[in-house]
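In our numbering, the protein residues as written are 163 to 693.
Using N, Cα and C, we set each Cβ at its ideal position, and we do this for glycine too.
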Amino acid sequence: MASLCNNTFLLQQDISSTPGAPLARAAHSCDVVGQVLVIFGGWAGKHALSDAYAFHTVKRRWIRLNLCVEETPVAVPGSRKKTTFSLSSLTRNNHASAVYGGELFIHGGHDGSAWLMDMFAVDVSTLNDVFDNYDPNVPVDAQVRYVSCNGKVPSKRACHTLTRVDDRFYSFGGYDGSQCFNDLECFDPITATWTRLSKPNGKKPQPRNAHVMVTDGKLLYMNGGHSGRTHFDDIYTYNIATHTWTRVECSGDVYPLAVRGHSACYLNHEIYVFGGYNGEHVFNTLFVFNPRTCAWRRQSMVSEGAPLSRRQRNSMVQHNDTIYIFGGFNGREWLNDMHMMEYRSECTRSFDPILSALADNISVYLANPKYSDVSISVAGKDIPAHKVILCANSKYFDDILSQEDPPEVIELCGWSLDAVMKMIEFMYSSRIRDFHSHTHFKLCEIMGLADACALENLKNMCQEVLVRKMDIDNVCYMLKYSKLYNAELMRQHCFNFIAEHAADVMRTPAFEELSSVPSLVMELAKLSVKS
Numbered sequence: 163m164a165s166l167c168n169n170t171f172l173l174q175q176d177i178s179s180t181p182g183a184p185l186a187r188a189a190h191s192c193d194v195v196g197q198v199l200v201i202f203g204g205w206a207g208k209h210a211l212s213d214a215y216a217f218h219t220v221k222r223r224w225i226r227l228n229l230c231v232e233e234t235p236v237a238v239p240g241s242r243k244k245t246t247f248s249l250s251s252l253t254r255n256n257h258a259s260a261v262y263g264g265e266l267f268i269h270g271g272h273d274g275s276a277w278l279m280d281m282f283a284v285d286v287s288t289l290n291d292v293f294d295n296y297d298p299n300v301p302v303d304a305q306v307r308y309v310s311c312n313g314k315v316p317s318k319r320a321c322h323t324l325t326r327v328d329d330r331f332y333s334f335g336g337y338d339g340s341q342c343f344n345d346l347e348c349f350d351p352i353t354a355t356w357t358r359l360s361k362p363n364g365k366k367p368q369p370r371n372a373h374v375m376v377t378d379g380k381l382l383y384m385n386g387g388h389s390g391r392t393h394f395d396d397i398y399t400y401n402i403a404t405h406t407w408t409r410v411e412c413s414g415d416v417y418p419l420a421v422r423g424h425s426a427c428y429l430n431h432e433i434y435v436f437g438g439y440n441g442e443h444v445f446n447t448l449f450v451f452n453p454r455t456c457a458w459r460r461q462s463m464v465s466e467g468a469p470l471s472r473r474q475r476n477s478m479v480q481h482n483d484t485i486y487i488f489g490g491f492n493g494r495e496w497l498n499d500m501h502m503m504e505y506r507s508e509c510t511r512s513f514d515p516i517l518s519a520l521a522d523n524i525s526v527y528l529a530n531p532k533y534s535d536v537s538i539s540v541a542g543k544d545i546p547a548h549k550v551i552l553c554a555n556s557k558y559f560d561d562i563l564s565q566e567d568p569p570e571v572i573e574l575c576g577w578s579l580d581a582v583m584k585m586i587e588f589m590y591s592s593r594i595r596d597f598h599s600h601t602h603f604k605l606c607e608i609m610g611l612a613d614a615c616a617l618e619n620l621k622n623m624c625q626e627v628l629v630r631k632m633d634i635d636n637v638c639y640m641l642k643y644s645k646l647y648n649a650e651l652m653r654q655h656c657f658n659f660i661a662e663h664a665a666d667v668m669r670t671p672a673f674e675e676l677s678s679v680p681s682l683v684m685e686l687a688k689l690s691v692k693s
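See the structure below:
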C-alpha cells in the first residue's frame, strides 16, 4: 500500500530461507499466476537455463516444474526451413514473458549462442492447486506447446519487454546483436497473431534494450534502457486508445538513474523502479514515479533480515500490495535470494526487545482491577482501566479525566464490547493480536472508535489493513465509513479503486446504498466526469 500516511514505512524482508529455491541466475522472467510466482530460464554465469520454478506467496514454498515437451517439427519464423521444437528449444535468457488464459507465454531471448524469435506457452492453469498436496522433492508436470504465430512476427531479439493489457500483449524494443529497436508490436494470444503498431501519434522513444515497461491498464509506461552507446533516464507513455507516444516532462528535483537491466512494477497507482547498471556501477536504489504529479522520489526501505543488495537483471513483480524481487547479478556473482517489500504502519513496526518487554509488562494490567482507578462502560459491562494509561494515549480521555470532578466510569455508547476491548488492548500494548484477521466490518468500527477517542495511530493502522482488504464488493462500504470517520487517506484509496473498477463496482448492492451520503455521490459524479 503506497504512501497511506506519514506514519508508514516500506518494509523489506529477506525470505530466501525457503527451501527448494532455483539456482542462482539473472536475466530470467517472473510472472504472477494467482497466488504463485513462476520463474523461468535466465543466465547462470556460463550458460543459459531452461528450467522453471513456482513459488507460493502465501505458503512460501517452492516447487520445481517438470516442463513436458512433445518433439514437434515446426517452421522457422521468417523462413521456409523446418526445425524440431524440443526441450532444448526452451533454453534462453533475456527473453520476455506474459500470462494469459492459464498459460505463460515466453518470447524471444538468447540461448547463449543465437538470438531467438520463437514463442512457446507453458500450462500454468493448475499451479495454485498443486501446493495443497505436494512433495517438494517431486517436480510437478507442466505441458509446453509451441506457438505457431501469424501476422508480422517480430525479428530475433532479446532484452525487450512484453506487457499484457486485457487480452493483448505489447512488445517494445530489444537488441539482436547489431541494432536496437523502438517498434511497438501487439500480440493476440487467442489467435496467435502479431501486428506492428506503425505510424503512431507523437514521437517514438529512441531505440533501446534492457528498459522497463509497466501498465495501468490504459497507458504503457516505459523507462530507461540502453541504445548500445547511451543509457537513458527518460520516461514515456503510450496511450493504447489513441495510439500516441508522449515523453513525460518530470517535475521536482529527483530523477532516476540512467541505467539498463533495472526492474519495475506498478503498485497502487505508482511505478516502482529498482536497481540496474550504468556501465560502471550496479545499484540497489529504489525510485518511485507518481503519474499524477509526474514527479519521482527516492524511496527508503527498512530491512528485516539481509538488506536488498545491489543488482541488475533481477525480476520484480507486484502481487496484491507486495513487491517481490528475485535473483539478479551484482557484478561479481549471480543471485537466488528472494525479497518482499510492503508498506507497514509505524504502529505495527516490531519493537526492540526492551520496548517489547515493557509493553508486555504494561499489558498485564489490561482489564485488570489491580490498581484500577477508572472504568470504561460499554454494552452494560464495566472494564477496569488506569487513568495514566488512558491519558497518555488519548487526548479524548485526558480531557475527560482532567475535569475538576472527573467521572469514575466513562461510558462509550454505540460501540461493541469487542471493538472497545481491541482499542484498550492497543492503548496498553501498542498492538492488537490477530489484527489482520478481522473483517472489514469490524475494522471499520475500530477505526471509528479510534477517531472518536483521538487515537490517530490506531486509526492509521486500521486504514492500512482496510486498504489491503479492499475489493469490488466492500469498497463502497469502506468509502461510506471513511467519510463518516474522517479517514481521508483511505477515502482517497476508495476513489482510486472505484475509478479503476467502475463498471463492476456500480453493479454491487453496496453502490446503491451510497445514495444515503449525498456528498459522496457528488464526489463520485465529479470523478466520473474527470475520468
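In this structure, does DSSP put His-655 in helix, strand or coil? His-655: helix per DSSP, three-state reduction.
For Gly-490: DSSP bridge partner residues: Per DSSP, the beta bridge partners of Gly-490 are Leu-497.
What residues are listed by DSSP as bridge partners for His-269? The partner list for His-269 (beta bridge, DSSP) reads Ala-258, Met-281.
Buried or exposed: which applies to His-600, given that a residue is buried once 16 or more other Cβ atoms fall within 10 Å of its Cβ? Around the Cβ of His-600, a 10 Å sphere holds 16 or more other Cβ atoms; the residue is buried.
Among Asp-338, Tyr-400, Leu-563, Glu-626, the one whose alpha carbon lies nearest that of Phe-171: The closest CA to that of Phe-171, considering only Asp-338, Tyr-400, Leu-563, Glu-626, is found on Glu-626.
Quick check on the burial criterion: 16 or more other C-beta atoms within 10 angstroms. Buried or exposed for Asn-363? Exposed is the call here.
Does the structure place the region 468 to 486 close enough to the region 395 to 409 that three or more beta carbon pairs sit under 8 angstroms? Judged by Cβ distances under 8 angstroms, the region 395 to 409 makes no contact with the region 468 to 486, as fewer than three pairs qualify.
Counting pairs of beta carbons, one from the region 563 to 572 and one from the region 587 to 598, are three or more of them closer than 8 angstroms? Segment contact: the region 563 to 572 against the region 587 to 598, fewer than three CB-CB distances shorter than 8 angstroms; contact not assigned.
Can you check DSSP and say which residues form a bridge with Tyr-428? Beta-bridge pairing links Tyr-428 to Ile-433.
Report yes if the CB atom of Thr-325 is closer than 8 angstroms to the CB atom of Leu-382, and no otherwise. In contact: Thr-325 and Leu-382 (Cβ atoms closer than 8 angstroms).
Under a Cβ-count criterion, where at least 16 other Cβ atoms within 10 Å of its own Cβ denotes burial, should Asn-523 be classed as buried or exposed? Asn-523 counts as exposed, since fewer than 16 other beta carbons sit within 10 angstroms of its beta carbon.
Endpoints, alpha helix (DSSP H) assigned at Pro-235: Taken as a continuous stretch (DSSP letters only), Pro-235 belongs to no alpha helix (DSSP H), being part of the beta strand (DSSP E) at 234 to 237.
I'd like to check one pair, Ala-320 with His-257: are the Cβ atoms closer than 8 angstroms? Yes, the pair counts as a contact, with Cβ atoms nearer than the cut-off.
Under 8 angstroms Cβ to Cβ from Thr-510, same chain only, skipping five residues before and after it: list those, please. Because the pLDDT of Thr-510 is 49, which lies under 50, any placement of that residue in the model is unreliable, and the number read from its coordinates should be weighed accordingly. Excluding sequence neighbours, Thr-510 sits near Arg-593, Phe-597, Met-623, Glu-626.
If I measure Cβ to Cβ from Ser-178 and keep anything under 6 angstroms in the same chain, skipping five residues before and after, which residues do I get? Taken in chain order, the residues that qualify are Asp-499, Met-500.
When DSSP labels each residue in this structure, what does Ser-376 get in the three-state scheme? Looking at the sequence provided, one finds Val at residue 376 rather than Ser. Note: Val-376 maps to strand in three-state DSSP.
Backbone CA spacing between Val-309 and Arg-653 [nearest angstrom]: In a straight line, the C-alpha of Val-309 is about 45 angstroms away from that of Arg-653.
Over the uninterrupted alpha helix (DSSP H) stretch that includes Asp-291, give me the two end residues. Where Asp-291 is concerned, the enclosing alpha helix (DSSP H) stretches over 289 to 292.
State whether the region 439 to 446 contacts the region 332 to 344, with contact taken as three or more CB pairs (one from each stretch) at a distance under 8 angstroms. Here the region 439 to 446 makes no contact with the region 332 to 344; the two share fewer than three CB pairs at distances below 8 angstroms.
So, at 8 angstroms on beta carbons, what are the nonlocal neighbours of Ser-591 in its own chain, with the 5 sequence-adjacent residues on each side left out? In chain order, Ala-521, Asp-522, Ile-524, Ser-525, Leu-528 place their CB closer than 8 angstroms to the CB of Ser-591, counting only its own chain and leaving out the 5 sequence neighbours on each side.
Three-state secondary structure (DSSP) of Phe-513: With a pLDDT of only 49 at Phe-513, under the threshold of 50, the placement of this residue in the model should not be trusted; the figure read from the coordinates follows. Of the three classes helix, strand and coil, the one that applies to Phe-513 here is coil, per DSSP.
Short of 7 angstroms in beta carbon distance, which residues of its chain neighbour Val-683, apart from the five on each side in sequence? Order them along the chain. Same-chain partners within the cutoff: Leu-676, Ser-677.
Give the DSSP bridge partners of Ile-177, in chain order. Paired residue(s): none; Ile-177 is not in a bridge.
Which same chain residues, not among the five before or five after Ser-681, have their C-beta less than 6 angstroms away from its C-beta? Within the same chain, Ser-681 has no close Cβ partners at all.
For the 8 angstroms Cβ check, are there 3 or more pairs between the region 248 to 262 and the region 279 to 287? The region 248 to 262, when compared against the region 279 to 287, does touch it at the 8 angstroms Cβ threshold.
Note down the Cα distance separating Lys-543 from Tyr-558, rounded to an integer number of angstroms. Rounded to whole angstroms, the separation of the alpha carbons of Tyr-558 and Lys-543 is 20 angstroms.
So is Glu-504 buried or exposed if we call it buried at 16+ other beta carbons inside 10 Å? So Glu-504 ends up on the buried side.
Tell me, which residues are paired with Asn-228 by DSSP? Asn-228 is bridged to Asp-303.
What is the rounded straight-line gap between the Cα of Met-583 and the Cα of Ser-556? If I take the Cα positions, the gap works out to 15 angstroms.
Is any heavy atom of the ligand MG found at a distance shorter than 7 angstroms from the C-beta of Met-652? The ligand MG is not part of the structure shown, which contains no ligands of any sort.
Hey, would you say Asn-482 sits closer than 8 angstroms to Ala-426, going by beta carbons? If you check the CB distance, Asn-482 and Ala-426 do not come in under 8 angstroms.
Cutting at 7 angstroms between CB atoms, please list the residues of its own chain near Thr-455, excluding the five before and the five after it. Leaving aside the five residues that flank Thr-455 on each side, the residues in its chain whose CB is nearer than 7 angstroms to its CB run, in chain order, Ser-413.
Which residue spans inside the region 546 to 610 form an unbroken alpha helix (DSSP H) run of at least 4? 549 to 555, 557 to 563, 579 to 591, all fully within the region 546 to 610.
For His-655, which residues from the same chain have a beta carbon less than 6 angstroms from its beta carbon, with the 5 sequence-adjacent residues on both sides left out? Taken in chain order, the residues that qualify are Val-629.
To which residues of the same chain is Ser-248 closer than 7 angstroms at the C-beta, ignoring the five residues directly before and after it? The residues are Val-231, Glu-233.
So is Tyr-533 buried or exposed if we call it buried at 16+ other beta carbons inside 10 Å? Per the 10 Å Cβ criterion, exposed.
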